[in-house]
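Residue numbering for the sequence shown follows the numbering used here, beginning at 375 and increasing consecutively. No residue lacks a Cβ here, since even glycine has one placed at the ideal position from N, Cα and C. All values derive from a computational prediction rather than experimental measurement. The next block holds one structure in the form of structure tokens; read it before the comments.
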Amino acid sequence: MFENLIAQEAVRAGLQDAVTEGSVPPVLLFSGPPASGKLTTALELARALSCTGSRAWNCPCPHCVRHRLLTHGDLLLLGKRSLPEEISVARDFLARSPGQTSAYFFLRSARKLLARFSPVLWAGEETKLGKAVPLIQSIEESLDLIQPDKLGPSLSDSEAKAADSVLSDCRALEALCPEQPGVFMIRNMEVWAQLAPTSARKTVIIENADLMQDSSRNAMLKILEEPPETVRFVLLTPRRASMMATILSRSRIYNFIPRDETTSRLVASRVFKSQEAVSSLQAFFESRMPFPPLEAKQAARGFIGCLLASRVEGGSSLGPLASSLAREAAASEAKPRQVLDAIIATTGGFGAKDKSMTGSFLRFIKAMLSVFSELLSESSGNPAILAKVEEWSRLAREAAIQYSSLNRNPELLAEVLADSFGVAS
Ligand SMILES: [Zn+2]
């Protein structure tokens, strides 16, 4: 067990001992940066806890068979996590070397997302699933066409089409995944946790556990105070400092160390058979996003540069970043509206016209907010311009909220935002 966990020796040794001795505590907290192997380890722990055989990765017992496909009924997965990049990496891997390893990796990456829409979690609240239902059905149908044992040396047309459709459906589905588990999910999970497992143990995994809202966190805390004997809870967080002290005190903490460039490259080559030069696993995954963060950042800098250039009077002083952005924009002679239109065209209306671009709007807003905050921290800035930047920052944040909570059309929101920035159309 834990054969696939690379470069987390302390965690691996601790968990292997606990599983072998039967001393896995009721609540475990996996703390560590993104892409350090927390979810992989938690899923592997769930499999080892359910296993009635040797616990090896290729154990043929009926529980391991289902855990490897992430379809075991004794596992629940909650919490928001961005998965389409991983699914995209898996899609490349599957095309490059079709076989059991890549097929399992692909199926599992899609099922990690599907698990967050489990009927167990949404019981009684199915109407809230709305647009997610046809996507889930379509993903399930496509996944059925990819059978690890039946893949040839290259993907057939129908397999390749199914894999592409899983990827685009998952991108759209991810946008519908709630930011935090609702309190109804925690209550549903509690009901489920009280029922006997079909294997030796049930496992509940909660990603980004520190992001839970008060109501969900309190409901969760109640369960952790008296956890059912047959259930293990694994909480995952990249921000241990923001975990509630009462939850920390009930958890055994496992620290995942950041992966450096060498281990990141090792994971990319060993797990994904990729020879790419990667600086970090997170960057490796992010480069797979449509409109990746790096591109969003360049777009945001270009747009903000134009906004600044259009406001700068001759001779008004600007901080170093503001002047360099404004200078670049002035050199290109583009108007803010043209720059925004180009971004809208590249991103299919921020996903409004091209659903594979879902998520690009929030990435663009996030990139703008980060540039705004850099500008606001420049001490030599012009006060009138800084006041404008502060206002733009507030408006951008509001647009993000409207997009996430009210599900508004991102292209229209971008237009409205541009108007409120004073950009002439
Ligand atoms: Zn087994």
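Item                                                                                                                                                                     : Value
Do Thr620 and ligand 1 come close, with the Cβ less than 7 Å from some heavy atom?                                                                                       : no
Compare the beta carbon distance of Ser638 and Leu403 with 8 Å and say whether it is the shorter of the two.                                                             : no
From the DSSP output, read off the bridge partner residues of Arg626.                                                                                                    : Leu402
Let me check understanding here. Comparing Cα to Cα, which of Ser653, Ser706, Lys729 and Val745 lies closest to Asp672?                                                  : Going by the sequence as given, residue 672 is Gln instead of Asp. Closest option to Gln672, Cα to Cα, is Val745.
Going by beta-carbon coordinates alone, are Leu452 and Pro555 separated by less than 8 Å?                                                                                : yes
Looking at Arg545 and Pro408, is the spacing between their C-beta atoms short of 8 Å?                                                                                    : no
What residues in its chain sit with their C-beta under 6 Å from that of Gly722, if we drop five residues either side in the sequence?                                    : Asp728 and Met731
Nearer than 7 Å: is that true of the beta carbon of Cys551 relative to any heavy atom of ligand 1?                                                                       : no
Please report the Cβ distance between Leu750 and Glu764, rounded to the nearest whole angstrom; I am assuming they are in contact, meaning their Cβ atoms lie under 8 Å. : 7 Å
Apart from the five residues just before and just after Arg614, which ones in its own chain have a Cβ nearer than 7 Å to its Cβ?                                         : Ser405
Do Pro667 and Arg737 count as a contact pair if the criterion is CB distance below 8 Å?                                                                                  : yes
Which first and last residues belong to the beta strand (DSSP E) in which Ile380 is found?                                                                               : Per DSSP, Ile380 belongs to no beta strand (DSSP E) and is neither H nor E.
Tell me the DSSP bridge mates of Phe607?                                                                                                                                 : Val401 and Val578
Compute the Euclidean distance between the alpha carbons of Gln390 and Leu488, then round it to the nearest angstrom.                                                    : 28 Å
With a threshold of 16 other CB atoms inside 10 Å of the CB of Asp584, please say whether the residue is buried or exposed.                                              : buried
I'd like to know if the stretch 417-429 and the stretch 575-582 are in contact, where contact means that at least 3 CB-CB pairs between them fall below 8 Å.             : yes
Which whole runs of the beta strand (DSSP E) in the stretch 419-455 are 3 residues long or more, in chain order?                                                         : 449-452
Would a C-beta distance cut-off of 8 Å place Arg644 and Ile380 closer than the cut-off?                                                                                  : yes
Assign Val507 to one of two classes, buried (16 or more other C-beta atoms within 10 Å of its C-beta) or exposed (fewer than that).                                      : exposed
Output the residue ranges of the alpha helix (DSSP H) runs that lie fully inside the stretch 688-747 and measure 4 residues or longer, sorted by chain position.         : 694-706 and 710-720
Measuring CA to CA, which of Ala469, Ser476, Leu481 and Arg675 is closest to His441?                                                                                     : Leu481
Return yes when at least one heavy atom of ligand 1 lies under 7 Å from the C-beta of His437, else no.                                                                   : yes
What does the Cβ neighbour count give for Lys412, buried or exposed, with the cut at 16 atoms within 10 Å?                                                               : buried
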